[in-house]
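Novice: Sequences listed follow chains Y and P, in order.
Residues 1456 to 1630 in the numbering used here are what the first sequence lists, from first letter to last.
Residues 17 to 404 in the numbering used here are what the second sequence lists, from first letter to last.
Glycine is no exception: its CB is placed at the ideal position from the N, C-alpha and C atoms.
If you're wondering where the values come from, they're calculated on a predicted model, not measured in any experiment.
The following block contains the structure, expressed as structure tokens.
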Amino acid sequence: MKNYICLIAAALTVTLAACSNSHKKIDDGGDSAGGTIGDGGTLPLNAGVPLTRSDLNPDSADYSALAQYVVYFDFDSFTIKASERPKLEAIAQWLGENADAKLVIAGHTDSRGTIQYNVALGERRAIATRDYLLGLGVNASVLTTISYGKERPAQHGENEAAWAANRRAEFGVAR
Amino acid sequence: MKLLLNRLGWLVAGVIWSVNFAAAQIVVEGPGGRYNIHATISGPDGAKATAVIQNDFKMHGAFNVTGAEVAQFTARGTLTGSGLTGTLSSASGQLFAKTFAGDWRSATHQFTDAIVEAVTGLPGIATSQVTFVVQKTARPREIKDLYLMDLDGGVTRSLTDDNSLNLGPKFNTSGDKIVFTSWKSGYPDTWVIDLTARTRARVAFYPGLNSGGCFSPDGSRIALTLSKDGNTELYTIAAAGGDPQRLTRTVGTEATPTYSPDGSRIAFVSDDRGAPQIYLIASGGGASQRFNTYSGYATEPAWSPDGKLLAYSVRTAGSNQIAVSDVVTGQQTVLTAAGFNETPAWCRDSRHLVFSRGGKLCLIDSKTKKTVQIDNGLANCSEPNASR
């Protein structure tokens, strides 16, 4: 019975996180001046948790072990899509089974935006991915975020397939 | 005594009158708002120096390099070994005779800038330094390093050799420091190079992102993006590191701050309300105000040294163009028409911009839209930033 309640609680957390993470970005076309920031929506659950930085160098992390769980994003978006949630549930489960493991979450963008904005957007994707995992009960201390912007594409080329492959968050197992 | 004062008065007025005459040229700009100039330099290295000064004027956008017969201005220089003696003349006579110290190339650029200032009233830009990024390898791992060069592409030298990513170099106002983002530690940290002391220091290495830094005009602060508190937000820190002050609090992404020259405001990018747009905020924080770019996707704001203009890039069908807006009236001019144009940065005259296009560095005259590619002999260049 106790386990059952825990399961319900976990499911509820996931649902809440899922709803609030689908923060809808509205492009108003840029034809109006004025307006301010900070009204882009409510912060997702688990957002605003201070980041941690592992002592391990992310360059030495192994990105191949969890390659099947790479999370993909829409253009200029950091929303965790419904199609990507099972991958994050699998990552949370993997972390539960590998208690000593630490992950680097590396955010990337496609080549179409500008350099510095993409560096920030890549970090935002890594953070959105981290926040979703926190919602699944993962301990913040085992997750480190990093962004490479558009500097480390998974696929070279200027086409839809390459762009889609490059808008991603990858999981590196720190070692 | 009264007569003497009157005479002194006439004398002073006469001097002022002649100075004014020399400074304000009564010369009509040629086609496309350009002046015809004939420029030659003699002496040792004279041929090379003549090529350099003619190239300076070809790059500038306000000049046509012509033969002596059609020139509105004639510039003659003589290299002396320790510098250059130069004169500038127009139909009304000699405008100046000056000496410039330094090696032949440096003295030639100084001569160019003196001529540009005398003719246009704006500071010359030929003595500007440009810091920029070169991608050395793309596979298996991207390596990018910082470089420094003269505006015309001469005297290129390497600033970093790190086997890592280095991005976004930006000069301080006095031109002796460069702030940039480096992944040297493995993580994106903010570093400062001191060009005089030939040292570098890591000034921001909080958990997460430390990127997009720029100096405040007085050099005391660095505005940048940090994510340490759980989201990508705009902050300022002390220039030597520490004392982080948070300016924004949003769901979205904040990036690429640029200070107004009086230090009171910061323009930056936020995608909090959708696609990235440019906003203005007081440099101490407060409410932000959207700046109209007439575009659904605008990034990389750069505030002109005279405070009047914002340059930025706008996304157009599959590409990216450089635009400039008057900060007060909002009136916009799109400067480029083709190619993926990125990272506009102002030169000290608030008229020219450097930017990158497809791995090449370019200089554009925002008044005439004349664009030239800067030939520095290097491939895969990006993110140019010019000293003031």
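(1) How would you list, in chain order, the residues of chain Y whose beta-carbon sits under 7 Å from the beta-carbon of THR206 of chain P?
(2) Can you grab the Cα-Cα spacing for the pair ASP259 of chain P / ALA271 of chain P, in whole Å?
(3) Starting from THR272 of chain P, find everything on chain Y with Cβ-Cβ shorter than 7 Å and list it in chain order.
(4) For ARG214 of chain P, count neighbouring C-beta atoms within 10 Å of its own C-beta (all shown protein chains included) and say buried if the count is 16 or more, exposed if not.
(5) Using a Cβ-Cβ cut-off of less than 9 Å, list which residues of the segment 285-297 of chain P approach chain Y; keep chain order.
(6) Do the segment 115-123 of chain P and the segment 1565-1578 of chain Y touch if we need at least three Cβ pairs shorter than 8 Å?
(7) Return yes when the Cβ of ARG367 of chain P is within less than 9 Å of the Cβ of SER144 of chain P, no when it is not.
(8) Can you tell me whether HIS1611 of chain Y is helix, strand or coil according to DSSP?
(9) So, helix, strand or coil for SER1566 of chain Y, using DSSP?
(10) Count the other CB atoms within 10 Å of the CB of ASN247 of chain P; is the residue buried (16 or more) or exposed (fewer)?
(11) Counting only C-beta atoms, is TRP199 of chain P closer than 9 Å to chain Y at any point?
(12) Give me the residue from P:THR153, P:PHE112, P:PHE148 with the minimum Cα distance to ALA491 of chain P.
(13) Around the C-beta of ASN188 of chain P, are 16 or more other C-beta atoms found within 10 angstroms, so that it is buried, or is it exposed?
(14) In chain Y, which residues lie with their C-beta within 7 Å of the C-beta of SER276 of chain P?
(15) Using a beta-carbon distance below 9 Å, is HIS1611 of chain Y in contact with chain P?
(16) Would PRO223 of chain P count as contacting chain Y if we go by Cβ distances under 9 Å?
(17) What residue from P:PRO321, P:GLY346, P:ARG331 has the CA that sits closest to LEU369 of chain P's CA?
(18) Quick test of your reading: ASP1517 of chain Y and VAL1628 of chain Y, contact by CB under 8 Å. State the CB separation rounded to the nearest angstrom.
(19) Can you find the residues in the same chain that come closer than 7 Å, C-beta to C-beta, to GLY62 of chain P, ignoring five residues on each side of it along the sequence?
(20) Going along chain Y in order, which residues have a C-beta closer than 8 Å to the C-beta of LYS244 of chain P?
(21) List, in order along the chain, the chain P residues whose C-beta lies closer than 9 Å to that of GLY1592 of chain Y?
(22) Looking at the C-beta of TYR1524 of chain Y, does it have a partner C-beta in chain P at a distance below 9 Å?
(23) With DSSP as the reference, identify every bridge partner of LYS376 of chain P, one or two as the case may be.
(24) For the alpha helix (DSSP H) that TRP120 of chain P lies in, which residues bound it at each end?
(25) Which value, in whole angstroms, describes the spacing of the CA atoms of GLU45 of chain P and PHE73 of chain P?
(26) Reducing DSSP to helix, strand and coil, say where ASP342 of chain P ends up.
(27) Nearest to SER108 of chain P by alpha carbon, out of P:GLY279, P:ALA87, P:THR124, P:GLY102?
(28) Considering only the alpha carbon of each residue, which of P:PRO317, P:THR332, P:ASN71, P:LYS324 lies closest to LEU167 of chain P?
(29) When the Cα atoms are used, what is the spatial distance from SER236 of chain P to SER1519 of chain Y?
(30) Could you confirm whether any beta carbon from chain P is found closer than 9 Å to the beta carbon of ARG1622 of chain Y?
(31) Decide yes or no for the touch test of the segment 151-163 of chain P against the segment 178-197 of chain P: beta carbon pairs closer than 8 Å, at least 3 of them.
(32) Excluding five sequence neighbours on each side, which residues of the same chain lie with their C-beta closer than 7 Å to the C-beta of GLY1612 of chain Y?
(33) Would DSSP call ARG1630 of chain Y helix, strand or coil?
(34) Assign ARG281 of chain P to one of two classes, buried (16 or more other C-beta atoms within 10 Å of its C-beta) or exposed (fewer than that).
(35) Establish whether the CB of LYS376 of chain P and some CB of chain Y are separated by less than 9 Å.
Specialist: The answer reads as follows:
(1) For the purposes of this step, residue 206 of chain P is identified with residue 190 of the second sequence, where counting begins at 1. Neighbours of THR206 of chain P on chain Y: none; closest Cβ ~12 Å, over 7 Å.
(2) If you number the second sequence from 1, residue 259 of chain P lands on position 243. If you number the second sequence from 1, residue 271 of chain P lands on position 255. Straight-line Cα distance between these residues: approximately 19 Å.
(3) Numbered from 1 along the second sequence, position 256 holds the residue referred to as residue 272 of chain P. For THR272 of chain P, the neighbours in chain Y by C-beta distance under 7 Å run, in chain order, GLN1571, TYR1572.
(4) Translated into the one-based positions of the second sequence, residue 214 of chain P becomes position 198. So ARG214 of chain P counts as exposed.
(5) VAL285, SER286, ASP287, ASP288, ARG289, GLY290, ALA291, PRO292, GLN293, TYR295, ILE297
(6) no
(7) Locating residue 144 of chain P in the second sequence gives position 128, counting from the first residue. Locating residue 367 of chain P in the second sequence gives position 351, counting from the first residue. Contact: no.
(8) Within the first sequence, numbered from 1, the residue matching residue 1611 of chain Y stands at position 156. Coil at HIS1611 of chain Y, not helix or strand.
(9) Here the question's residue 1566 of chain Y lines up with position 111 in the first sequence. SER1566 of chain Y falls in the coil class under three-state DSSP.
(10) Sequence index remark: in the second sequence, residue 247 of chain P carries index 231 (1-based). The residue in question, ASN247 of chain P, is buried, as its Cβ has 16 or more Cβ neighbours within 10 Å.
(11) Taking the first residue of the second sequence as position 1, residue 199 of chain P is located at position 183. By this cut-off, TRP199 of chain P is an interface position.
(12) The structure shown does not extend to residue 491 of chain P, since chain P spans only 17 to 404, so no value can be given for it.
(13) For the purposes of this step, residue 188 of chain P is taken as residue 172 along the second sequence, with counting starting at 1. Counting Cβ neighbours within 10 Å, ASN188 of chain P comes out buried, since at least 16 surround it.
(14) For the purposes of this step, residue 276 of chain P is taken as the residue at position 260 of the second sequence. What SER276 of chain P touches in chain Y: nothing, since even the nearest Cβ is about 18 Å away.
(15) Taking the first residue of the first sequence as position 1, residue 1611 of chain Y is located at position 156. With 9 Å as the cut-off, HIS1611 of chain Y counts as an interface residue toward chain P.
(16) Locating residue 223 of chain P in the second sequence gives position 207, counting from the first residue. Yes, PRO223 of chain P lies at the interface with chain Y (some Cβ there is under 9 Å from its Cβ).
(17) Within the second sequence, residue 369 of chain P is the residue found at index 353, counting from 1. From the listed residues P:PRO321, P:GLY346, P:ARG331, the smallest Cα separation to LEU369 of chain P is found for P:PRO321.
(18) Stepping through the first sequence from its first residue, residue 1517 of chain Y is reached at position 62. Stepping through the first sequence from its first residue, residue 1628 of chain Y is reached at position 173. About 5 Å; that satisfies the 8 Å criterion.
(19) Here residue 62 of chain P corresponds to residue number 46 of the second sequence, with the count starting at 1. These residues qualify, in order along the chain: LEU95.
(20) Position 228 of the second sequence, counted from the start, is the residue given in the question as residue 244 of chain P. Here the neighbours are PRO1505, LEU1506.
(21) Stepping through the first sequence from its first residue, residue 1592 of chain Y is reached at position 137. Result: empty, since nearest Cβ-Cβ is about 17 Å, beyond 9 Å.
(22) Position 69 of the first sequence, counted from the start, is the residue given in the question as residue 1524 of chain Y. So no, TYR1524 of chain Y is outside the interface.
(23) For this step, residue 376 of chain P is matched to residue 360 along the second sequence. Its beta-bridge partners are P:ARG373.
(24) In the second sequence, residue 120 of chain P corresponds to position 104, counting from 1. Note, TRP120 of chain P: alpha helix (DSSP H), 120-136.
(25) In the second sequence, residue 45 of chain P corresponds to position 29, counting from 1. In the second sequence, residue 73 of chain P corresponds to position 57, counting from 1. Residue placement at GLU45 of chain P is poorly supported in this model, since its pLDDT is 49, which falls under 50; the coordinates still yield a value, given next. If I take the Cα positions, the gap works out to 14 Å.
(26) Your numbering for residue 342 of chain P matches position 326 in the second sequence. Under the three-state reduction of DSSP output, ASP342 of chain P falls in the strand class.
(27) One-based indexing of the second sequence puts residue 108 of chain P at position 92. Selected option, being the one with the closest Cα: P:ALA87.
(28) As a position in the second sequence, residue 167 of chain P is number 151, starting the count at 1. With distances taken between Cα atoms, LEU167 of chain P lies closest to P:ASN71.
(29) Numbered from its first residue, the second sequence carries residue 236 of chain P at position 220. Numbered from its first residue, the first sequence carries residue 1519 of chain Y at position 64. Distance between the alpha carbons of SER236 of chain P and SER1519 of chain Y is about 44 Å.
(30) One-based indexing of the first sequence puts residue 1622 of chain Y at position 167. So, not an interface residue.
(31) yes
(32) Counting from one through the first sequence, the residue named residue 1612 of chain Y turns up at place 157. Closer than 7 Å at the Cβ level, and outside the excluded window around GLY1612 of chain Y, lies no residue.
(33) In the first sequence, residue 1630 of chain Y corresponds to position 175, counting from 1. Coil, per DSSP.
(34) In the second sequence, residue 281 of chain P corresponds to position 265, counting from 1. Buried, because 16 or more other Cβ atoms sit within 10 Å of the Cβ of ARG281 of chain P.
(35) Counting from 1 along the second sequence, the entry for residue 376 of chain P is found at position 360. Using beta-carbon distances, LYS376 of chain P does not count as an interface residue toward chain Y, since no partner is under 9 Å.
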